[in-house]
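Visitor: Have a look at this one.
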Amino acid sequence: MLLSRVADSLYWGARYLERAEDTARLVRSYTELVIDLPTSALSTWEPLLAVAGGGDLFAKRESTIGELPIVRYLVSDQQNPGSIASSVESARENLRTTREIIPREAWQTVNDLYLYVGSNAAGGVERRSRARFLGHLIGECQQLDGVMTTVMNRDDAYELWRLGQSLERADMTTRVVGVRAATLLAAERDRADGRTVTDIHDDVQWMGLLRSVSALQMYQRATRGPIDGAAAVRFLLLDPTFPRSVASCATRIREALSRLPRSRRTLPAMEELERVLALSASGDGDGARLDAAMEDVQACLAAINDVVHEAFVRSSV
Amino acid sequence: MTMAHVRTDADTWDELVAPDGTPRDAAKALLEQLAALEHSELQERQTLAELDILTMGITFTVYSDGRGIDRAWPFDIIPRVIAASEWRDIEAGLKQRLRAINMFIDDLYHDQRIIADGVFPADLLEHSKNFRKECVGANPVHGVWAHISGSDLVRDADGTMYVLEDNLRVPSGVSYVLENRAISKRVFADLFAQQSILPVDSYTDELNRMLVSIAPDGITNPTIAVLTPGVYNSAYFEHSFLAQRLGAVLVEGADLVVGDDECVYMLTIGGRERVHVIYRRIDDEFLDPEVFRPDSTLGVAGLMRSWQAGKVAIANAPGAGVADDKVVYAWVPDIVRYYTNEEPLLANVPTYRCHYPNELAYVIDHIDELVVKPANESGGYGLLIGDRATRSELDAHIAMIEADPRNWVAQPILSLSTVPTICDGEIESRHVDLRPFILSGASSYVSAGGLTRVALRKGSLVVNSSQGGGSKDTWIVETD
């Protein structure tokens, strides 16, 4: 038996924590990428903003587009509901009311994380302290995941947690792929404007993107070849063995849904996601097509979110 | 530590040490151990206990700048000790008192025989803020209304134990009784091995048994829910704790609905599930926006209909608070005599009722010798201790009393008993009270001891945790 309100809190608690962790990975790897590339090649931080969404709000919050304003917006800005600081706070607010449900150590970890972010997020914006801050945050999130995996009963509450986590992770992976789309689009624009297209160091960029979902090492093990854009997109979207790929997330979403009561009404949305996902990798090499494909997958994920809310929260009223 | 450290004031009763400086019988083993401990060892045990409290997450919530902040629960390791022989008398007195109070409440909502017989004044009832006309004629199972109560006891200088007030609405603190014991057993493990100290853990079992016993429709395996106002309530820790120990579901008002069949259901991811017994931790006024405050978002629309139809049990029953009133309190000895034909086993503090002009006049003339209390506030708010107030504070209170005399009572200033307490590394006497918890259902049960609250400020009599109070474990010790 799981109260709908508690189910909602668990689901969103898991989503917000995953969002915080994934944003941290993204900012960390993008920072490394920028440091790696020669200054002439890539000096824009805008793709990062594009991944995280919310460009309009950013324009209201910051007057210049540059590394520090963008990183501040993504890491410590409490007015940005998608920032790491806001995500961690929202996760804690949701999980406060689930203390009878989640393992005691899990709540303590969330609470510690909240306190850590509260006193360190602002300091985590500067380049010299950024990696340490983000690394610590990612470590805490992984510790929490470890507690949930090893201690929590495999009941409805656990499935809701997995559901929220997998859905958010799938969404963030599509956004990372979206960075590729944005870069390609930028290059195309430059070409159309008749500007010289600088060497965009494709392989280095791809390494950075794979790293942002901790996929680089696994990609290399799985493909045993040089870094190739199309293969990397396929890996991030479709590889069944890599747990952060969208396909793996989709499998876990389906599993979680199948174990929850009254989930039959969620099946059509699930099948639509699988169908759209199977077609999604074909657009590589063409920025606009890839971008559109990721938007389609994101729309499917949003549809599952709605149907989950409908099935587990609203319909019991 | 030496016995000299636990010397006490001449005009107060110390719970552990007799006036001649020797240990009281029940506290002998404890004081011998304390005497054998170096000062630093004692302080170390206190520090370890506080660490335990932090890591176990035992908290209460205070409000500051509109935000609730979790604070670590304040606990002093030196327990309060009561001899089991004395405790048995107190227990019998509390059971007698609650039996009578429950009969009184049931009578008020039915025939009002006690008023017809001239024992309880009709005008008091007419002016009562806590009498709920919606409850008239209702028949809770076993005729019991106040299922869970916490009566505050204090001991005066001569050793007499008095009931200071009966908390019949949503008394809190019992979770801390259990947590304090868990910590105390670590601090003084050997003392628990050496002597017979009554266990407190059975409380939640007894609470469960009681809640099952009041289920409607003869259901023997009811679904029980603890109804909390939510995470920002100061007692949320306790609500969550009790739900876990009871195996009950912790619900908020928005989790419940009343169906067309007048049954109460909770909203789960699998659909609606019926709830049979609600242990509510919200006040009457918020229970049901259809009947009480229409702006309440904490309650459940239709809950009163369901309760009146006998489809759900609510503990404590709506309206039980009519007897939790510092004015009604003054009549409790008469109430005990009237319903039980017995003399009260536990003393009441003599109480002046400002409702009556002659008693009001006395209170105004003698306000500097009295404790003045509003009849319907909890948490110690509005309380004035006459001999510690300035003249302007006294005058301000007189004005408030004259504006609404029925809402005020006054009592002589009791000298609350003390227990040695660790204060900034030193052992000093601090005033305490005691809140035992009484369960009333098919039968009744009294917790073994209760929550000893201690006023941590020197000389202070205010023990509420919201106002700088702390707590101690309470040991009921067999002395044979």
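Read top to bottom, the protein sequences are chains A and B. My numbering puts the first residue of the first sequence at 1, with every later residue one more than the last. My numbering puts the first residue of the second sequence at 1001, with every later residue one more than the last. For every residue, glycine included, the Cβ atom is placed at its ideal position computed from N, Cα and C.
Is the separation between the beta-carbon of B:Ser1172 and that of B:Ala1235 shorter than 8 Å?
Guide: Numbered from its first residue, the second sequence carries residue 1172 of chain B at position 172. Numbered from its first residue, the second sequence carries residue 1235 of chain B at position 235. It is a contact, given that the beta carbons lie within the stated cut-off.
Visitor: Suppose you measure from the CA of A:His309 to the CA of A:Glu100; what does that come to, to the nearest Å?
Guide: To locate residue 309 of chain A, count along the first sequence from 1; it is residue 309. To locate residue 100 of chain A, count along the first sequence from 1; it is residue 100. Whole-angstrom Cα-Cα distance: 22 Å.
Visitor: Does the segment 1150-1159 of chain B come close enough to the segment 1306-1321 of chain B to have 3 or more Cβ pairs within less than 8 Å?
Guide: The segment 1150-1159 of chain B, when compared against the segment 1306-1321 of chain B, does not touch it at the 8 Å Cβ threshold.
Visitor: Under 8 Å: do the segment 123-131 of chain A and the segment 2-22 of chain A share three or more Cβ pairs, one atom per stretch?
Guide: Verdict: no, contact absent.
Visitor: Indicate whether A:Gly178 and A:Met270 have their beta-carbon atoms separated by less than 8 Å.
Guide: Within the first sequence, numbered from 1, the residue matching residue 178 of chain A stands at position 178. Within the first sequence, numbered from 1, the residue matching residue 270 of chain A stands at position 270. Cβ distance not < 8 Å, so A:Gly178 and A:Met270 don't count as in contact.
Visitor: Would you call the segment 1461-1478 of chain B and the segment 1074-1086 of chain B in contact, with 3 or more CB pairs under 8 Å?
Guide: At 8 Å Cβ cutoff, the stretches touch.
Visitor: Short of 8 Å in beta carbon distance, which residues of its chain neighbour B:Val1295, apart from the five on each side in sequence? Order them along the chain.
Guide: By one-based count along the second sequence, residue 1295 of chain B stands at place 295. Note on residue identity: the sequence assigns Asp, not Val, to residue 1295 of chain B. Cβ within range, chain order: Pro1289.
Visitor: I need the boundaries of the beta strand (DSSP E) containing A:Arg28, first residue and last residue.
Guide: Looking up residue 28 of chain A in the first sequence gives position 28. Counting along the chain, A:Arg28 falls outside any beta strand (DSSP E), though it belongs to the alpha helix (DSSP H) covering Ser4 to Asp36.
Visitor: Any idea what DSSP makes of B:Asn1341, helix, strand or coil?
Guide: Reading the second sequence from its first residue, position 341 is the one you call residue 1341 of chain B. Coil at B:Asn1341, not helix or strand.
Visitor: Measure the alpha-carbon distance for B:Lys1129 versus B:Met1056 and round it to whole angstroms.
Guide: Your numbering for residue 1129 of chain B matches position 129 in the second sequence. Your numbering for residue 1056 of chain B matches position 56 in the second sequence. Distance between the alpha carbons of B:Lys1129 and B:Met1056 is about 40 Å.
Visitor: Within its chain, find whatever has a CB closer than 7 Å to the CB of B:Ser1240; leave out the 5 residues flanking it on each side and keep chain order.
Guide: Sequence index remark: in the second sequence, residue 1240 of chain B carries index 240 (1-based). So the qualifying residues of the chain are Leu1250.
Visitor: Rounded C-beta distance between A:Asp145 and A:Leu260? I'm assuming under 8 Å.
Guide: Taking the first residue of the first sequence as position 1, residue 145 of chain A is located at position 145. Taking the first residue of the first sequence as position 1, residue 260 of chain A is located at position 260. Contact doesn't hold; Cβ gap of about 20 Å is too wide.
Visitor: Just by C-beta distance, which residues in the segment 1244-1275 of chain B are closer than 8 Å to chain A?
Guide: Within the segment 1244-1275 of chain B, the residues whose Cβ lies closer than 8 Å to some Cβ of chain A are Gln1244, Val1249, Leu1250, Val1251, Glu1252, Ala1254, Asp1255, Val1257, Met1266, Leu1267, Thr1268, Ile1269, Gly1270, Gly1271, Arg1272 and Glu1273, listed in chain order.
Visitor: If the criterion is Cβ atoms closer than 8 Å, does the pair A:Leu267 and A:Leu167 meet it?
Guide: Here residue 267 of chain A is taken as the residue at index 267 of the first sequence, counted from 1. Here residue 167 of chain A is taken as the residue at index 167 of the first sequence, counted from 1. No, Cβ-Cβ distance for A:Leu267 and A:Leu167 is not below 8 Å.
Visitor: Consult DSSP for B:His1431 and reduce its assignment to one of helix, strand or coil.
Guide: Start at 1 with the first residue of the second sequence, and residue 1431 of chain B comes out as number 431. Strand at B:His1431.
Visitor: Check distances from the C-beta atoms of the segment 133-157 of chain A to those of chain B and list, in chain order, the residues that come in under 8 Å.
Guide: Taking 8 Å as the Cβ-Cβ cut-off against chain B, the residues of the segment 133-157 of chain A that qualify are Asp156.
Visitor: For chain A, find out if any of its Cβ atoms is closer than 8 Å to the Cβ of B:Val1062; answer yes or no.
Guide: Within the second sequence, residue 1062 of chain B is the residue found at index 62, counting from 1. It does not: the Cβ of B:Val1062 has no partner Cβ on chain A nearer than 8 Å.
Visitor: DSSP puts B:Ala1347 in a beta bridge; with which residues?
Guide: Within the second sequence, numbered from 1, the residue matching residue 1347 of chain B stands at position 347. In DSSP, B:Ala1347 forms a bridge with B:Tyr1162.
Visitor: Roughly how many whole angstroms lie between the Cα atoms of B:Leu1345 and B:Glu1126?
Guide: Reading the second sequence from its first residue, position 345 is the one you call residue 1345 of chain B. Reading the second sequence from its first residue, position 126 is the one you call residue 1126 of chain B. Looking at the two C-alpha atoms, the distance is approximately 29 Å.
Visitor: Touching or not, the segment 78-89 of chain A and the segment 50-59 of chain A, by the rule of three or more beta carbon pairs under 8 Å?
Guide: Yes, the segment 78-89 of chain A is in contact with the segment 50-59 of chain A.
Visitor: Is any beta-carbon of chain B found at less than 8 Å from that of A:Met1?
Guide: Mapped onto the first sequence, residue 1 of chain A falls at position 1. Cβ-Cβ to chain B under 8 Å: yes for A:Met1.
Visitor: Quick one: using the 10 Å Cβ neighbour count with 16 as the cut-off for buried, is B:Asn1139 buried or exposed?
Guide: Taking the first residue of the second sequence as position 1, residue 1139 of chain B is located at position 139. Answer is exposed; the Cβ neighbour count stays below 16.
Visitor: Go to B:Ser1196, then tell me how far its beta strand (DSSP E) extends in each direction, as first and last residue.
Guide: The count along the second sequence starts at 1 and reaches residue 1196 of chain B at position 196. Looking at the DSSP string, B:Ser1196 is not in any beta strand (DSSP E), and its letter there is neither H nor E.
Visitor: In chain A, what lies closer than 8 Å to B:Leu1231 by C-beta?
Guide: In the second sequence, counting from the first residue as 1, residue 1231 of chain B sits at position 231. Checking the sequence shown, residue 1231 of chain B turns out to be Val, not Leu. Chain A residues near B:Val1231: Arg96 and Thr97.
Visitor: Using beta carbons (cut-off 8 Å, strictly below), is B:Ser1296 in contact with chain A?
Guide: The sequence position of residue 1296 of chain B within the second sequence is 296, counting from 1. By this cut-off, B:Ser1296 is not an interface position.
Visitor: I need the straight-line Cα distance from B:Leu1211 to A:Met172, nearest angstrom please.
Guide: To locate residue 1211 of chain B, count along the second sequence from 1; it is residue 211. To locate residue 172 of chain A, count along the first sequence from 1; it is residue 172. Roughly 48 Å between the two C-alpha positions.
Visitor: From what residue to what residue does the alpha helix (DSSP H) around A:Phe133 run?
Guide: For this step, residue 133 of chain A is matched to residue 133 along the first sequence. Taken as a continuous stretch (DSSP letters only), the alpha helix (DSSP H) holding A:Phe133 covers Arg127 to Val151.
Visitor: Considering B:Asp1111, what are the terminal residues of the alpha helix (DSSP H) in which it resides?
Guide: Counted from its first residue, the second sequence places residue 1111 of chain B at position 111. That residue, B:Asp1111, is in no alpha helix (DSSP H); it is neither H nor E in DSSP.
Visitor: Would you give the residue range spanned by the alpha helix (DSSP H) that B:Val1264 belongs to?
Guide: Counted from its first residue, the second sequence places residue 1264 of chain B at position 264. Note, B:Val1264: premise wrong, no alpha helix (DSSP H); beta strand (DSSP E) at Val1264 to Thr1268.
Visitor: Does the structure place the segment 1351-1360 of chain B close enough to the segment 1301-1309 of chain B that three or more beta carbon pairs sit under 8 Å?
Guide: Taking 8 Å as the limit for Cβ pairs, the verdict is that the segment 1351-1360 of chain B does not touch the segment 1301-1309 of chain B.
Visitor: Answer yes or no: does any C-beta atom of chain B fall closer than 8 Å to that of A:Glu100?
Guide: Along the first sequence, read from residue 1 onward, the residue named residue 100 of chain A stands at position 100. Interface residue, yes.
Visitor: May I ask you to report which of helix, strand or coil DSSP gives B:Ala1315?
Guide: The count along the second sequence starts at 1 and reaches residue 1315 of chain B at position 315. B:Ala1315 falls in the strand class under three-state DSSP.
Visitor: When DSSP builds the beta bridges, which residues end up paired with B:Tyr1232?
Guide: For the purposes of this step, residue 1232 of chain B is taken as residue 232 along the second sequence, with counting starting at 1. Beta-bridge pairing links B:Tyr1232 to no other residue.
Visitor: Counting beta carbon pairs with one atom in the segment 66-75 of chain A and one in the segment 1222-1236 of chain B, are three or more of them shorter than 8 Å?
Guide: Short answer: they don't touch.
Visitor: Starting from the beta carbon of A:Pro261, find every residue of chain B whose beta carbon is closer than 7 Å, and list them in chain order.
Guide: Within the first sequence, residue 261 of chain A is the residue found at index 261, counting from 1. By Cβ distance, chain B contributes Ile1269 and Gly1270.
Visitor: Please report how far the alpha carbon of A:Val313 lies from the alpha carbon of B:Thr1297, in whole angstroms.
Guide: Against the first sequence, residue 313 of chain A aligns to sequence position 313. Against the second sequence, residue 1297 of chain B aligns to sequence position 297. In a straight line, the C-alpha of A:Val313 is about 18 Å away from that of B:Thr1297.
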